[in-house]
Amino acid sequence: MIVPMEQVLALSAVLFGIGAFGFLARRNIILMLVSVEVMLNAVNICLAGFSQHLNDPRGQVLALFVIAVAAAEAAVGLGLIIALNRHKPGAGVGDLTKLKW
Amino acid sequence: MPTHTAYVLAMSSSATAVFYYMAAASVASAILAVSRKNPVHSMLWVLALFLHVAGIFLLLHAEFLAAVQVVVYAGAILVFYLFVLMLLDLPGEEARQRFGAHWPFAVAGGLSFAALAWLSVVVPVQTEVVPFAASDATSAGKLADVGHELFGPFALPFEIVSLILLAAIVGAVVLVRRRSAES
Chain A
1008 MIVPMEQVLA LSAVLFGIGA FGFLARRNII LMLVSVEVML NAVNICLAGF
1058 SQHLNDPRGQ VLALFVIAVA AAEAAVGLGL IIALNRHKPG AGVGDLTKLK
1108 W
Chain B
288 MPTHTAYVLA MSSSATAVFY YMAAASVASA ILAVSRKNPV HSMLWVLALF
338 LHVAGIFLLL HAEFLAAVQV VVYAGAILVF YLFVLMLLDL PGEEARQRFG
388 AHWPFAVAGG LSFAALAWLS VVVPVQTEVV PFAASDATSA GKLADVGHEL
438 FGPFALPFEI VSLILLAAIV GAVVLVRRRS AES
C-alpha cells in the first residue's frame, strides 16, 4: 500500500503549524519545548513520506538523526529550565526579564 | 488531479481509513497538547500524538523509525519531560494565562503552515520516482537498506550524532549542577 504523498505532506504541514502556534503562543517554557517536539515530529513524517515516495532509505536515516538531535535538545533545554527554576521558581517566560543575575 | 485519484484508488480502503484515522487523531491530540491548561494533560496528549505518529510511520513502511519513535520518543524523551515537570512542581501554572497577549500572531503563523498543507494537496507532488541505487524495492529489504545507509555513507554523521548526545549529557549535568558545590 502506498500512502499518497500529498496527504502526508498536508498532515506534516498541519502538525508543523500546530507546533509553531504552540511555540509562539504558550507562555510556559516546558510546553514551548513540547511544541518544538511536535514540530520535529511533523518534519519526521515528511522525511518518512519522501523516503517512501522516492524509495530511498536516506530519508529514514535523516529522520533518525532528527530524533537523536531532539533527544539532545530535550536534555539541554530541560537542564536550562531546572537551572532557571533554581533562581526564580516558575516556568513562565514572562518572568524571565533579567539578562543577568 | 488524475495522479492523485489514482493513488487514492491504489490504496486499499481499510488502509486508507487507518491512515485518515491516524492523521485525524494526531492532529487532534497535537491541538489538545498545545492548548491544555494543565501541563501534565498536555504531556499525555503528546504521548497520544507520538503513538499515532508511530502508526503513520508503519503505514509509510518505516518500521524501524516507528520502533524508535515508540522507544525513544514515547519511552525516553516524554518520560524525561514528565520527570522534570513533576520535579519542578508548578502548582500555580493552572491559574496563569495559557497564551501570551500576542496569540493572534501565533495563530497567523500556524495558519500559514495550514496554507502550505492546502497547497501540497492542490498541487500534486511530482510522481516520477528516481530509483535509488542500493534499493531492491522490496519492503523486506527496506530495513536492511536503512542499516546499510546508516553504517555506510552516513557512518561519520552517525558518530557525530553520538558525540552530540555526549555533549548534551555533559552540558545538562554542568547546567543543573549547584553553584554552591563548586565554591
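Chains as they are written, first to last, in my numbering: chain A, 1008 to 1108; chain B, 288 to 470. Virtual Cβ for every residue (Gly too), placed ideally from N, Cα, C. Given the structure is predicted, the values throughout are model-derived calculations rather than measurements.
Proximal residues to residue i (C-beta, below 7 Å), its chain only, five neighbours per side dropped
i	result
Leu398(B)	none
Ala1049(A)	Ser1019, Leu1022, Phe1023 and Gly1026
Ser422(B)	Residue confidence is low: Ser422(B) scores 48 on pLDDT, short of 50, so the model does not pin down where it sits. Its coordinate-derived value is still stated next. Excluding positions up to five away in sequence, the list reads Asp432.
Asp1102(A)	Lys1095
Ala349(B)	none
Gln356(B)	Phe337, Val340, Ala341 and Phe344
Interface flag, residue i vs chain A, CB-CB below 7 Å
i	result
Ile447(B)	no
Ser329(B)	yes
Leu369(B)	no
Pro411(B)	yes
His348(B)	yes
Gly362(B)	no
Gly396(B)	yes
Ser407(B)	yes
Ala312(B)	no
Val366(B)	no
Beta carbon proximity, residue i to chain B, threshold 7 Å
i	result
Val1010(A)	yes
Val1050(A)	no
Ile1037(A)	yes
Leu1087(A)	yes
Leu1031(A)	yes
Leu1047(A)	no
Gly1084(A)	no
Leu1016(A)	yes
Leu1091(A)	no
Val1068(A)	yes
Under the three-state DSSP convention, the category residue i falls into
i	result
Asn1062(A)	coil
Arg1034(A)	coil
Pro1011(A)	coil
Phe249(B)	Since the first residue shown for chain B is 288 and the last is 470, residue 249(B) is missing from the structure and cannot be characterised.
Gly1099(A)	strand
Leu338(B)	helix
Lys429(B)	helix
Asn1048(A)	helix
Arg1111(A)	Residue numbering for chain A in the displayed model covers 1008 to 1108; residue 1111(A) lies beyond these limits and cannot be assessed.
Val408(B)	helix
Asn349(B)	For the record, residue 349(B) in the displayed sequence is Ala; it is not Asn. Of the three classes helix, strand and coil, the one that applies to Ala349(B) here is coil, per DSSP.
Thr1104(A)	coil
Leu319(B)	helix
Leu372(B)	helix
Leu377(B)	coil
Candidates the options: closest to residue i by CA position
i	options	result
Ala310(B)	Cys1053(A), Gly1029(A) and Ile1037(A)	Cys1053(A)
Ile364(B)	Val1068(A), Lys1105(A), Pro1064(A) and Ile1037(A)	Ile1037(A)
Ser313(B)	Ile343(B), His435(B) and Ala404(B)	Ile343(B)
Asn1051(A)	Val327(B), Trp405(B), Trp332(B) and Leu336(B)	Leu336(B)
Phe1057(A)	Met1046(A), Ala1070(A) and Ala1081(A)	Ala1070(A)
Gln1014(A)	Ser407(B), Leu334(B) and Ala320(B)	Ser407(B)
Leu319(B)	Arg385(B), Leu375(B), Ser300(B) and Val371(B)	Arg385(B)
Ala1017(A)	Leu403(B), Phe438(B) and Ala304(B)	Leu403(B)
Ile451(B)	Pro1064(A), Ala1077(A), Phe1028(A) and Asn1035(A)	Ala1077(A)
Which residues DSSP lists as bridging residue i, in chain order
i	result
Leu1057(A)	According to the sequence shown, residue 1057(A) is Phe rather than Leu. Bridge partners of Phe1057(A): none, in fact.
Phe386(B)	Arg1033(A)
Beta-carbon proximity list for residue i, same chain, < 6 Å, skipping 5 on both sides
i	result
Tyr360(B)	Phe337
Leu1087(A)	none
His339(B)	Met309, Ala312 and Ser313
Pro444(B)	none
Ala317(B)	Leu336
Beta-carbon contacts of residue i that lie in its chain and below 8 Å, excluding the five residues immediately before and after
i	result
Leu1085(A)	Ile1037 and Leu1040
Leu377(B)	Pro326
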